[in-house]
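>
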Amino acid sequence: MTRGSLPQERSGGRFSAPDGFRDLVERLLAWLRDRRGSGLERVSTATTMRNVVDADALAAETPPKWSVLHDVVTYGADSLTDVLVFRHGPTRQDLVVMPERNTKPEGEVSFYHADRTKGARHLLSIGADSLTAALSYILERIERFERLFTGRGTELPSGYTGPSDR
């Protein structure tokens, strides 16, 4: 075959497919036939954050402007994992609780801060040894945040602004 020429066709007539394409289709059909026999017995279940945390019960322990929900995010290179999100409505800030091991939500946990106004998320330098410790830490942080911002709306208290903001 030369550059710009059409691929050779089989001698079956003008509607024949090129050899490479025909082989590709045959391999694809063979693969699909093999997969047809496999069923749900090959599927395994995994425990996720959604299975072990009652978001509604946890939301009852948070202040009114906060919501607690589950979300699914990319874990590592390509797999997905279930995370717990504590969302502060007025400031559009999220505190995300993510298990260190995809299928062990009650084990070690990492924390992320997400700013939905800027579309940014970053890993916090602190972690927790267990989900229980992580939830205690997050609830304490939310309480501290609420005390800091009580009566101020979404503005930072005095002393937290830079010289250009005064």
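Counting the sequence shown from 1 gives a position; the numbering used here is that position plus 14.
We treat Cβ as the ideally placed atom computed from N, Cα and C, and that holds for glycine.
Identify whether Gly34 lies in helix, strand or coil by the three-state DSSP scheme.
Walking along the sequence shown from the start, residue 34 turns up at place 20. In the structure shown, Gly34 sits in a helix (DSSP, three-state: H, G or I).
> Tell whether a beta-carbon distance below 8 Å holds between Pro113 and Met63.
In the sequence shown, the residue the question calls residue 113 occupies position 99. In the sequence shown, the residue the question calls residue 63 occupies position 49. Yes, they are a contact pair.
> Comparing C-alpha positions only, which one of Val39, Lys79, Ala44, Val99 sits nearest to Ala148?
Translated into positions along the sequence shown, residue 148 becomes position 134. Per the Cα distances, Val99.
> Using beta-carbon positions only, say whether Tyr151 and Leu138 come within less than 8 Å of one another.
The residue given as residue 151 occupies position 137 in the sequence shown. The residue given as residue 138 occupies position 124 in the sequence shown. Note that the C-beta distance between Tyr151 and Leu138 is not below 8 Å.
> Which residues does DSSP pair with Trp80 in a beta bridge?
Here residue 80 is taken as the residue at index 66 of the sequence shown, counted from 1. Beta-bridge pairing links Trp80 to His102.
> Below 6 Å CB to CB, which residues in the same chain sit around Pro77 once its five sequence neighbours on both sides are set aside?
Taking the first residue of the sequence shown as position 1, residue 77 is located at position 63. Closer than 6 Å at the Cβ level, and outside the excluded window around Pro77, lie Glu160.
> Which of the three DSSP states, helix, strand or coil, is assigned to Ala134?
By 1-based counting over the sequence shown, the position of residue 134 is 120. It is a strand residue.
> So, using beta-carbon positions, are Arg106 and Leu83 closer together than 8 Å?
In the sequence shown, the residue the question calls residue 106 occupies position 92. In the sequence shown, the residue the question calls residue 83 occupies position 69. Not in contact: Arg106 and Leu83 (Cβ atoms no closer than 8 Å).
> Determine which residues share a DSSP beta bridge with Asp85 and list them.
Within the sequence shown, numbered from 1, the residue matching residue 85 stands at position 71. For Asp85, which the question treats as bridged, DSSP gives the partners Val97.
> Let me confirm a value: Thr95 is counted as buried when at least 16 other C-beta atoms fall within 10 Å, else exposed. Which label applies?
On the sequence shown, residue 95 is found 81 positions in, with the first residue counted as 1. Burial call: buried.
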